[in-house]
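A.B. asks: To start, I am sharing the structure in question, which I have written as structure tokens.
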Amino acid sequence: MIVKFTFYLLLGHFVVSQVIYDAYFGKPVKDERGKLLESLNLTTQCTVRVQPCDEHEGRRIDGTCVNPKYPSRGASPTPLLRLRPAKFGLGNSLRPAMNGSELPSARLLRTKILSDGFPEDYQFNTLATHVFVFSIVDVADLTVLLRYAIASDCCLGNTPNRVNPLCIPIPVPQDDPYLRRTGIRCMNLTRFSTFQEMGCIPNTLPAERYNLPTPLEDLSIVYGYTDARERQIRTYQGGLLKSEERDGVERPPGTSAICVNNRRPIENACYEFGDFYDGNVLSGIYLTAMWFYREHNRLARKLAAINPCWDDQKLFETARQINIAQWQYMLYYELMADILGRKNALETGVIYETTGYVNDFDEHSKPGVYHEYLIGTRWFHTFQDGRTDLYSKKGKYLGTRTTVDDEFRSGILEVNNTEADLTQGAFRQRAAKFDYTIEPDIAERVLGELQSASDLSAIDIMRGRDQGLPPYNEYRKICGLPVAHKFKDFEDTIYADKVEQLRRIYDNEVDDMELMVAIYSEKLLHGAWVGPTLFCIMVENLVNWRRSDRHFFENGQTHSALTLSQLNEVRTTSVARLLCDNGDGVEEIQPKALLNVSKKNKIVPCDHIPGMDLNKWLDPTCHLDKKDQHDHVTKKDQHSYDWKTNSYNPMWDGIGYGYKKK
């Protein structure tokens, strides 16, 4: 028998049964399993409660029912998807080399394939890196950062801790080109939390990362991913999120305690975003989260003025729907179209040239994010600059901050006009170049003062091992590349000199070659800013997000979908418009805000940047006189109108979490 919780909704005199799903397996929990989890106090972390999916409802905060065929997939916690089966060592230890020894030091590999350097990119700016990192954190949590940066020591003095199963320290070679004179021979690192560690599944199954955010691009950083968190951040008035005006600027409440690097008492703010942990990690993340947080409230206020009869719930849900739609449009049609190449993105179904709907939802596509996507896109660390420049409104350079020193330190935004100056710097400063170099601070001290030495790209390689990714050859198969039988066969995607270096390090064993190492080494695909294997992985994930999510902004097959005129308004917006409306003090910007200023992309006043006409959301019933309004509502649905508040009740109109009366 399946475990259910039943609720009686008196207004409609009908029953809603809440089904308890196993978070790992995605199946309803049977009585025996449910009792076991309850006896072990594991129900909260190992199950997902799902109210019945309804064809009239909009997107839920908790991510359930984005695909009714897989009701719990899309919720928190959800296991990641895999393009290829996991490959671990004995007892879920890290995969060994083919000869049974440990794979080469990730630090050694990193220093051989990537060099430290400062080259700037001629196309992308720092804002593009902010938006990209934000997109990753919207689907994957960064809680592991504090785990190994503060709460663990996997280097016992200078000796790697091989006893603690949570530790995966990185050995530093004696002849390391950058650290050989420091005496540092070990870098601290812990494994991701897993469903096994949480007690949800046995160790006989492959280790599976425990991920908290919804695995879809739905602004869970802004709104959270549980109903309880949503209740904490809402005002329940006018559809607004809680905010405070400080120094004339609207910001979320600043009472979170996660900002361990704030220099108190001057830097006090730590923002209560929906995901208050991930939202406060990096300056690029907390800036971007701030813009979308403000955008929600801007939309809610505009909608309230246009539709004075709407209640709080309808205003909140509609503002949230528009905000997420804008985000998905900016992610796919600006950022990803530029990174993958617009022509490539069109040919692979990532984006479409149309003024109509794109009805590519497929109930057989399972919602989620692939391990390979989260690991592979870490290649974009080469795209990040270790410095964040500050500029005035008129483009005068004011100085530079060190990115790694601003981790868990969002309190800086409210000191000395820093938010405004960083915002200006984001679209004026060039990004680091897409090449085989990495900025020194990111390469050598990515955790700043929290660790004596930490190499982000070496960590990237270790994360591939931690998550059980099989060899590079496995991904060549699924991406249409020939299987390599000797290292020279890799020269179709990797330059010959790098292939020779890798052959020596991997002792001539092609099936030891790792995915992340290959991604860091591959030549760029024609028309794109990524290599062929990462391109393949990104396309697979981006297309799956579209197809597995019935609420994806371009899908017109649901009752809660945008109208065609509303959808085409969303298509007029841009990252530039987002900053004009929500960036602190932004009065002018280049139209293609993720690309550097150029002759074809000049900075212009914000009134030259197109934006949405929210009148496309005008509700005619809000503008009828009382008698006409009464007649209209009676014809539409007597049960959907709340006469006390002069508004529709979302329990019945399909806008909120409620259910349309049958």
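In mature numbering (1 follows the signal peptide of the UniProt record, and there is no 0), the protein residues as written are -17 to -1, 1 to 645.
Even for Gly, the Cβ is constructed at its ideal location relative to N, Cα and C.
In this text, all values refer to a predicted model and were calculated from it rather than measured experimentally.
Using DSSP's beta-bridge definition, name the partner residues of C253.
C.D. replies: To locate residue 253, count along the sequence shown from 1; it is residue 270. Paired residues: T238.
A.B. asks: In the DSSP output, what is N108 paired with across the bridge?
C.D. replies: On the sequence shown, residue 108 is found 125 positions in, with the first residue counted as 1. Its beta-bridge partners are R413.
A.B. asks: For G382, does the three-state DSSP call read helix, strand or coil?
C.D. replies: Walking along the sequence shown from the start, residue 382 turns up at place 399. Of the three classes helix, strand and coil, the one that applies to G382 here is strand, per DSSP.
A.B. asks: Quick check on the DSSP output: the alpha helix (DSSP H) that includes R277 runs from which residue to which?
C.D. replies: Reading the sequence shown from its first residue, position 294 is the one you call residue 277. Start and end: S266 to I289.
A.B. asks: Which of helix, strand or coil does DSSP assign to T617?
C.D. replies: Taking the first residue of the sequence shown as 1, we reach residue 617 at position 634. Any reading at T617 must be qualified, since the residue scores a pLDDT of 43, below 50, and its modelled position is unreliable; no value is offered.
A.B. asks: Within 10 angstroms of its Cβ, does H364 collect 16 or more other Cβ (buried), or is it exposed?
C.D. replies: Mapped onto the sequence shown, residue 364 falls at position 381. Under this definition H364 is a buried residue.
A.B. asks: Would you check if there are 3 or more beta carbon pairs closer than 8 Å linking the region 287 to 302 to the region 579 to 589?
C.D. replies: no
A.B. asks: Drop a sphere of 10 angstroms on the beta-carbon of P603, count the other beta-carbons inside from all chains shown, and report buried for 16 or more, exposed for fewer.
C.D. replies: For the purposes of this step, residue 603 is identified with residue 620 of the sequence shown, where counting begins at 1. Label assigned to P603: exposed.
A.B. asks: I'd like the list of long-range same chain contacts for A89, defined as Cβ closer than 6 Å, with 5 residues on each side in sequence excluded.
C.D. replies: Locating residue 89 in the sequence shown gives position 106, where the first residue counts as 1. Listed in chain order, the non-local C-beta contacts of A89 below 6 Å within the same chain comprise I153, A441, I444 and M445, local neighbours out to five positions each way being set aside.
A.B. asks: What did DSSP end up calling V398 once you bin it into helix, strand or coil?
C.D. replies: Mapped onto the sequence shown, residue 398 falls at position 415. Reduced to three states, the DSSP call for V398 is coil.
A.B. asks: In whole angstroms, what is the alpha-carbon distance linking F259 and I249?
C.D. replies: As a first step, residue 259 is located in the sequence shown; it is residue number 276 there, counting from the start. As a first step, residue 249 is located in the sequence shown; it is residue number 266 there, counting from the start. So the two alpha carbons sit approximately 20 Å from each other.
A.B. asks: Within 8 Å, do at least three Cβ pairs link the region 409 to 423 to the region 572 to 579?
C.D. replies: yes
A.B. asks: Between the beta-carbon of R168 and the beta-carbon of I461, is there less than 9 Å?
C.D. replies: For the purposes of this step, residue 168 is taken as residue 185 along the sequence shown, with counting starting at 1. For the purposes of this step, residue 461 is taken as residue 478 along the sequence shown, with counting starting at 1. Cβ distance not < 9 Å, so R168 and I461 don't count as in contact.
A.B. asks: By Cβ distance below 7 Å, which residues in the same chain neighbour H113 in space, the five residues on each side in sequence not counted?
C.D. replies: Position 130 of the sequence shown, counted from the first residue, corresponds to residue 113. Around H113: G267, L270, T271 and A409.
A.B. asks: Which one of E457, G568 and L485 has the shortest CA to CA distance from K70?
C.D. replies: Taking the first residue of the sequence shown as 1, we reach residue 70 at position 87. The residue with the shortest Cα to Cα distance from K70 is E457.
A.B. asks: Identify whether D564 lies in helix, strand or coil by the three-state DSSP scheme.
C.D. replies: Translated into the one-based positions of the sequence shown, residue 564 becomes position 581. Note: D564 maps to helix in three-state DSSP.
A.B. asks: Excluding the 5 residues flanking P593 on each side, which residues of the same chain have their C-beta closer than 6 Å to its C-beta?
C.D. replies: Working through the sequence shown from its first residue, we reach residue 593 at position 610. Closer than 6 Å at Cβ, skipping near neighbours: T555.
A.B. asks: Check each candidate in E402, L23 and G17 and name the one with the smallest Cα separation from R32.
C.D. replies: As a working mapping, residue 32 is identified with position 49 in the sequence shown. With distances taken between Cα atoms, R32 lies closest to G17.
A.B. asks: Take residue 652 as the anchor and find which of S84, D99, L20 and P148 has the nearest alpha-carbon.
C.D. replies: Here the chain has residues from -17 to 645 only, and residue 652 is not among them.
A.B. asks: Straight-line CA distance for F391 to N108?
C.D. replies: For the purposes of this step, residue 391 is identified with residue 408 of the sequence shown, where counting begins at 1. For the purposes of this step, residue 108 is identified with residue 125 of the sequence shown, where counting begins at 1. F391 and N108: Cα-Cα distance of roughly 23 Å.
A.B. asks: Which residue comes first and which comes last in the beta strand (DSSP E) that contains D372?
C.D. replies: Here residue 372 is taken as the residue at index 389 of the sequence shown, counted from 1. Here the beta strand (DSSP E) through D372 covers R370 to Y374.
A.B. asks: Any idea if A211 is buried or exposed, counting beta-carbon neighbours within 10 angstroms, 16 or more meaning buried?
C.D. replies: In the sequence shown, the residue the question calls residue 211 occupies position 228. The residue is exposed, with fewer than 16 neighbouring Cβ atoms inside 10 Å.
A.B. asks: When the Cβ atoms of the region 179 to 199 are set against those of the region 155 to 166, are three or more pairs found closer than 8 Å?
C.D. replies: no
A.B. asks: Just checking my contact of V49 with P350 at CB under 8 Å: how many whole Å lie between their CB atoms?
C.D. replies: Taking the sequence shown and counting its residues from 1, one reaches residue 49 at position 66. Taking the sequence shown and counting its residues from 1, one reaches residue 350 at position 367. The Cβ separation is near 5 Å, so the contact holds.
A.B. asks: For residue 647, count neighbouring Cβ atoms within 10 angstroms of its own Cβ and tell me buried if that reaches 16, exposed if not.
C.D. replies: Residue numbering for the chain in the displayed model covers -17 to 645; residue 647 lies beyond these limits and cannot be assessed.
A.B. asks: Using a Cβ-Cβ cutoff of less than 7 Å, which residues in the same chain neighbour K10 once the five nearest sequence positions on both sides are dropped?
C.D. replies: Mapped onto the sequence shown, residue 10 falls at position 27. Y4, listed in sequence order.
A.B. asks: Evaluate the contact criterion for the region 137 to 148 versus the region 373 to 381: three or more CB pairs, one atom per stretch, below 8 Å.
C.D. replies: no
A.B. asks: Exposed or buried, what is E227 when buried is set at 16 or more other beta-carbons lying within 10 Å of its beta-carbon?
C.D. replies: Along the sequence shown, read from residue 1 onward, the residue named residue 227 stands at position 244. Burial call: exposed.
A.B. asks: Span of the alpha helix (DSSP H) holding V146?
C.D. replies: Reading the sequence shown from its first residue, position 163 is the one you call residue 146. Run containing V146: none; DSSP gives neither H nor E here.
A.B. asks: Does K471 pass the burial test, meaning 16 or more other C-beta atoms within 10 Å, or should it be called exposed?
C.D. replies: Working through the sequence shown from its first residue, we reach residue 471 at position 488. Per the 10 Å Cβ criterion, exposed.
A.B. asks: So what does DSSP say about I167, is it helix, strand or coil?
C.D. replies: The residue labelled residue 167 in the question sits at position 184 within the sequence shown. I167: coil per DSSP, three-state reduction.
A.B. asks: Could you name the residues of the same chain whose beta carbon sits closer than 7 Å to that of residue 707, not counting the 5 residues immediately before and after it, in chain order?
C.D. replies: Because the chain is modelled from -17 through 645, residue 707 falls outside the range shown and cannot be assessed.
A.B. asks: For S98, which beta-bridge partners are listed by DSSP?
C.D. replies: For the purposes of this step, residue 98 is identified with residue 115 of the sequence shown, where counting begins at 1. DSSP output for S98 lists T420 as bridge partner(s).
A.B. asks: Between which two residues does the beta strand (DSSP E) carrying D229 extend?
C.D. replies: Counting from one through the sequence shown, the residue named residue 229 turns up at place 246. The sequence shown places Arg at residue 229, rather than the Asp named in the question. First-last of the beta strand (DSSP E) with R229: E227 to R229.
A.B. asks: Taking the beta carbon of S548 as the centre, do at least 16 other beta carbons fall within 10 Å, making it buried, or is it exposed?
C.D. replies: To locate residue 548, count along the sequence shown from 1; it is residue 565. With a 10 Å radius around the Cβ and a threshold of 16 neighbouring Cβ atoms, S548 comes out exposed.
A.B. asks: State whether the region 279 to 287 contacts the region 523 to 530, with contact taken as three or more CB pairs (one from each stretch) at a distance under 8 Å.
C.D. replies: With a cut-off of 8 Å, the region 523 to 530 and the region 279 to 287 do not count as touching, because too few Cβ pairs lie within range.
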